[in-house]
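By numbering that gives the first Met the number 0, the letter at position 82 of the sequence shown is numbered 81, and the numbering carries on one by one without gaps.
We put the beta carbon where it would ideally sit given N, CA and C, even for glycine.
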Amino acid sequence: MRYQLKSIFRNRITLTVLVIIIILNLYTVINLEKEAYSSNSKIVNNLALNIIRMKDAQERTKSSVKARYKDPEILGYSENYEKFRDWAISNAERKIEIYENLDPEEYSDELLTMEIMETMSVMDVNADLEEGRPLSEEIFKEDIKYLELKEELPFDSNKLMLYAFDVKEDRHSVYNGVKFFVTRLLDLYKTKEKRLELDIASPWTFYVRKVGFEGFSVPVLCTIFLVYTCSMVVEDRKSRSMQLVKVLPKNRGYIFGHYYTAILLSVFIILIISFLIPILFMGIRHGFGGLRNLILVDPKGFTSFNGYEHVDIWGTLGIGRFATSSMNMNHGAMPSNQLELYPLWKVMGLSMIPAILKLLFLTLLGVGIGLCISNKNTSILVTSLVAVIYIVFQLYGSDMLFNPLSIGSAWNITLGGMAFTWVRAVVVLVVALIVSTTIIYTIISKQDFNV
């Protein structure tokens, strides 16, 4: 097998595929580095715009409340809420000062503390004891005490929910979504873990962008490997570069297994090399921290063929994405039913299972076409056609829930909210592997070709 692998990696096709994937990965690295370099300036600009909006909204709210309400009690609730908004504006101004002098790689306790307190206050605005939404200090009492987070605020956070008479949003969705944010922020505060966002330079951000957020990346990689695996079989049948041992016709299973194992190993080696280079580069440059960042996941997807149905507002949390529709309200509220927070390392591990199964299936498909079709040009043509069909299914066949070619990014499937749940994808791929292996072996056993 070692000789065969050496032969494969001396082949121009293998080297070309390796170089192409490395270039595609470096493209992602360069874009991420550019975004990370300018991330603080973008945050400062957004904060400055938000300050203008908040001040304008504050003035309009004051005038509106005073014009509509005369009850001293309601005016008192409104005044308390206005103090909260003024405090949020002053926090935004302070954040600008910090970000202007903060390196994107640096950690700031002050920034994180402000964000925790602000988010908990938003949670309190949407609290309702009668509807089962308690105040944030009740839910996170132990964390607040342990971390000594509670500070003297210029408003009464316990009375913010009494301003709900003038809140127009879906308070239940916002409350549950903000609770996810608070949980994640408190975990980062306790562990001092590097906070990962989509524009933060990190090897793990690179990986997630590559396998999840870049819509073209996974289909392109899979298409490349599908064509590559068939091409390697055709190349060997033409040049005998792998020099398979001579076997009797009845040992066709050995021929198939030998081709499949050697080419599958080459696929994994190509992936490991092409991903390890940018991951090591980003890790040495920016550190390997961040694997404990919490990500939203639908746990039902690991046990059920039916996934989570999106009913609330779209949003992202760190480098975890949860979206089942194109809706983007920019409110930062997460879908609130069924979801749980998993650490990044666990999500990455779980996503590897359908990803590996998908590679096994596509490699099997490519090798099978190369072996089953004796005419070399025809086998390449058929593989190219299958590759086109695969791309079409990736773009338009997401509702074909028993079609292995419709299975998309393993990362997104693991998070949930996709047509395919994690367990459905695993089952479909395992069945596809068994059926495809049986069909390929049956055809090969009846085929007359020289080894």
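For the pair residue 192 and residue 393, the Cα-to-Cα distance works out to about 36 Å.
The closest CA to that of residue 270, considering only 286, 342, 210, is found on 210. Counting other Cβ atoms within 10 Å of its Cβ, residue 351 stays below 16 and is therefore classed as exposed. Using a 10 angstroms sphere on the CB of residue 36, the tally of other CB atoms stays under 16, which defines it as exposed. Straight across, the Cα-Cα distance linking residue 116 with residue 87 is about 10 Å. In the DSSP secondary-structure assignment, residue 342 is bridged to 293.
Counted as a single uninterrupted DSSP element, the alpha helix (DSSP H) harbouring residue 185 occupies residues 170–190. In terms of Cα proximity to residue 427, the closest of 304, 187, 194 is 304. Taking a contact to require three or more Cβ pairs closer than 8 Å, the stretch 367–375 and the stretch 223–238 qualify as touching. Here the C-alpha atom of residue 58 lies approximately 10 Å from the C-alpha atom of residue 52. In the structure shown, residue 197 falls within a coil segment according to DSSP collapsed to helix, strand and coil. Per DSSP, reduced to three states, the secondary structure at residue 316 is strand. Judged by DSSP in its simplified three-state form, residue 102 adopts coil rather than helix or strand.
Rounded to whole angstroms, the separation of the alpha carbons of residue 221 and residue 49 is 42 Å. The distance from the Cβ of residue 386 to that of residue 400 is about 22 Å, inconsistent with a contact at the 8 Å cut-off.
When C-alpha distances from residue 158 are compared across 183, 26, 142, 124, the shortest belongs to 124.
Assignment of residue 127 by DSSP, reduced to helix, strand and coil, places it in the strand class. Comparing alpha-carbon positions, the option among 188, 106, 34, 261 lying closest to residue 146 turns out to be 188. When only Cα atoms are considered, residue 343 and residue 356 end up about 21 Å apart. Counting along the chain, the unbroken alpha helix (DSSP H) around residue 376 starts and ends at 375–395. In the DSSP annotation of this structure, the continuous segment of the alpha helix (DSSP H) that includes residue 202 starts and ends at 202–207.
Put simply, the stretch 257–273 touches the stretch 16–34. At least three CB pairs are less than 8 Å apart.
Taking 9 Å as the cut-off, the Cβ atoms of residue 415 and residue 338 count as close. The residue among 195, 69, 143 with its C-alpha nearest the C-alpha of residue 38 is 195. Distance from the CA of residue 93 to the CA of residue 404, rounded to the nearest whole angstrom, comes to 51 Å. With at least 16 other beta carbons inside 10 angstroms of its own, residue 407 counts as buried. Taking 8 Å as the upper bound for CB-CB distance, residue 374 and residue 234 are not in contact here, some 14 Å apart. Rounded to the nearest angstrom, the gap between the Cα atoms of residue 96 and residue 90 is 10 Å.
Relative to the Cα of residue 17, the nearest Cα in the group 109, 70, 267, 354 belongs to 267.
When beta bridges are read from the DSSP output, residue 132 appears opposite 127. In summary, residue 114 is buried, with 16 or more beta-carbon neighbours lying within 10 Å of its beta-carbon over all protein chains present.
Of 135, 20, 105, 178, the smallest CA-CA separation from residue 201 is found for 105.
Between the beta-carbon of residue 77 and that of residue 162 there is about 6 Å, and that keeps the pair under the 8 Å contact cut. Between residue 420 and residue 346 a beta carbon distance of about 15 Å is seen, past the 8 Å cut, so the two are scored as non-contacting. Each of 425, 265, 280, 254 was checked against the Cα of residue 439, and the nearest Cα belongs to 254.
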